[in-house]
Every structure is written in C-alpha cells, then in structure tokens.
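Reminder that position 124 of the sequence shown reads as 123 in numbering that gives the first Met the number 0, one-by-one numbering, no gaps. Idealized CB from N, CA, C, for every residue including glycine. Just so you know, these numbers come straight off a predicted model, no measurement behind them. Please read the structure below before turning to the comments.
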Amino acid sequence: METRSKESEDGAPLSESFTASGDGGGFFLAASVDLVCSPHLGMRHIRLIAQTLARMHSVKLHKGGQVAPSLFPTLHKYLRLVPTHFDDIEKNLRFVSCIPSKAELELEVSLLEEHLSGLGSPVVFCHNDLLVKNIIYQEKQGRVIFIDFEYADNNYQALDIGNHFCEFGGVERFDSSLYPDREFQLCWLQHYLDEWHRLAGRGECASSRDVEVLYVQVNKFALVSSDNGH
C-alpha cells in the first residue's frame, strides 16, 4: 500500500492511496498511454482524469493569505546552481557550444515569469508530475486516482494541465507528435471546467469562452512545464 497525505484547510488529511493486490476491491491498474491519450479508446478515462484533476485543484490547503506558486522560485533556485564555466577545457568547450549562457537562461526565465504570471491562471494545489504511470485506473470502482505526490505543491492551474499534456510524449523516448491537438484539448478542458465549476458551486457548464481562455493559458504554460523542477 502506498499513501500520500497532506493537510487540508480544515485540518483533515488529504490522501491518495492505491494497492497492487486484488484484496477487497479488484486490481488497480496503471493507465495506459491509449487510455490517457486516445479519444477513440479512452474517452471515459479522459473525462475521469480531467474531473479528478479538477477535484485536486479545488482542495484548499491554506487559510487566508496569498498562496504563492512554486514554479519560478524553483526555476530560480536551479538557475543559481548552473555553472558559468568548467575548468576542464574540453568539457567547457562542449558546455559553451551546446548550452545557452547563464545570463541568457536567467533572462529567458525572467521574460517567462513576467508573461506567464500575468495570464491570470489560478494558483491551486497541483500534482506537478502527472505522467501516465502516475494515473491509476480502478476498474471495479470506475474511477482513477493519482499517485506519487513527491512534487505536489501550490502552482499554476494551467501549468499542471499543460504538463500533463506534455507527458503524453513519454519520458525516456519523448515523441512531440503525441502532444494533444486542439480538438482533444478542448474536449478535455470542457470536462475539467465543468467539474471545476460544479465544485465551486456555480452549477453550470463552462462556456466556450472559458474553455478557450484556459486552452490559451495551458499551451503557454506547456512551454515551461518540462523545466518545472523535476
């Protein structure tokens, strides 16, 4: 059994757990790429994933005050560790020929921070690593749960979704052609926002404008998702 817990706003533990055995609830299977990414094979699973992420993003972890996103503090932290050069001549030649300078990287992060922080994406409790292997489909219960919360933190809503879409391409052998197209994303985001609105007590389906706004935010944040500290 694996359990990941955090404390919610009212002090109750927020937990996600799964078991690899069939005791009491049937086998809990890791979602496949097809179930997560293919609209033909996994539309029901796509809806479940979108709704589950909306529920996670609706959790309130802090009482009052401003909740800060972790994205840019994390990027700045890692930038401080980037060397300006190497003493080894051969290594340094490869370094300066293949990698942008530290000053260039710092400027790029600053420009991204200025632009992305002004998009109005809500800061929510994010998974920050929602790749396929971290999604478990509980067939008997007809639901999905997320696992491996080691990177979970407060972050931008659109970043968590954009990172999930980027994860479609895989980890060891990344295939950018698997990044979801506009039609898939709009369908996914509609499911997400419908649940997001329901949980907020609005009770109505998200408008096409709401979906379009989130679509733009998600695809801008997707550009920085692979730099999100893991």
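Extent of the continuous alpha helix (DSSP H) to which residue i belongs
{"i": "isoleucine 88", "result": "88-97"}
{"i": "threonine 51", "result": "42-56"}
{"i": "threonine 83", "result": "Segment: none, threonine 83 is in no alpha helix (DSSP H) and carries neither H nor E."}
{"i": "leucine 110", "result": "101-115"}
Three-state secondary structure (DSSP) of residue i
{"i": "valine 140", "result": "It should be noted that the sequence gives glutamine, not valine, for residue 140. Coil, per DSSP."}
{"i": "phenylalanine 183", "result": "helix"}
{"i": "serine 16", "result": "Residue placement at serine 16 is flagged as unreliable, the pLDDT there being 38, under the threshold of 50; a coordinate-derived value is accordingly withheld."}
{"i": "phenylalanine 220", "result": "helix"}
{"i": "isoleucine 146", "result": "coil"}
Run of the beta strand (DSSP E) containing residue i, from where it starts to where it stops
{"i": "tyrosine 155", "result": "152-155"}
{"i": "phenylalanine 124", "result": "122-125"}
Top-ranked residue by Cα proximity to residue i, from the options
{"i": "lysine 76", "options": "Pro99, Leu104, Val66", "result": "Leu104"}
{"i": "histidine 303", "options": "Asp209, Gln137, Asp152", "result": "Shown here, the chain extends from 0 to 229; a query on residue 303 therefore has no answer."}
{"i": "leucine 74", "options": "Val212, Gly168, Leu110, Pro179", "result": "Leu110"}
{"i": "leucine 222", "options": "Leu92, His196, Tyr178", "result": "Tyr178"}
{"i": "asparagine 133", "options": "Lys139, Asn162, Asn154", "result": "Asn162"}
{"i": "tyrosine 214", "options": "Ala67, Leu158, Arg79, Ser96", "result": "Leu158"}
{"i": "isoleucine 98", "options": "Asp86, Ile88, Pro82, Glu112", "result": "Pro82"}
{"i": "glutamine 156", "options": "Asn91, Leu115, Lys139", "result": "Leu115"}
{"i": "valine 66", "options": "Asn154, Arg197, Gly119", "result": "Asn154"}
Cβ-based neighbour list, residue i, same chain, cut-off 6 Å, excluding 5 preceding and 5 following
{"i": "glutamate 194", "result": "Gln50, Ala53"}
{"i": "cysteine 204", "result": "Asp193"}
{"i": "glutamate 160", "result": "A small fix is needed here, since residue 160 is isoleucine in this sequence, not glutamate. The answer, listed in chain order, is Val217."}
{"i": "leucine 130", "result": "Glu166"}
{"i": "phenylalanine 71", "result": "Glu112"}
Sequence-distant residues of the same chain with beta carbon closer than 8 Å to residue i, five excluded per side
{"i": "alanine 199", "result": "Ser57"}
{"i": "valine 210", "result": "Leu185, Leu188, Gln189, Leu192"}
Same chain, Cβ closer than 7 Å to residue i, five either side skipped, listed in chain order
{"i": "serine 20", "result": "Unreliable placement is indicated for serine 20, whose pLDDT of 31 sits below 50; no coordinate value is reported for it."}
{"i": "arginine 46", "result": "His190"}
beta-carbon residue i near the ligand COA non-hydrogen atom, thresh 7 Å
{"i": "histidine 196", "result": "The model on display carries no ligand, and the ligand COA is accordingly not part of it."}
So, do the stretch 184-194 and the stretch 113-127 have three or more beta carbon pairs nearer to each other than 8 Å? no
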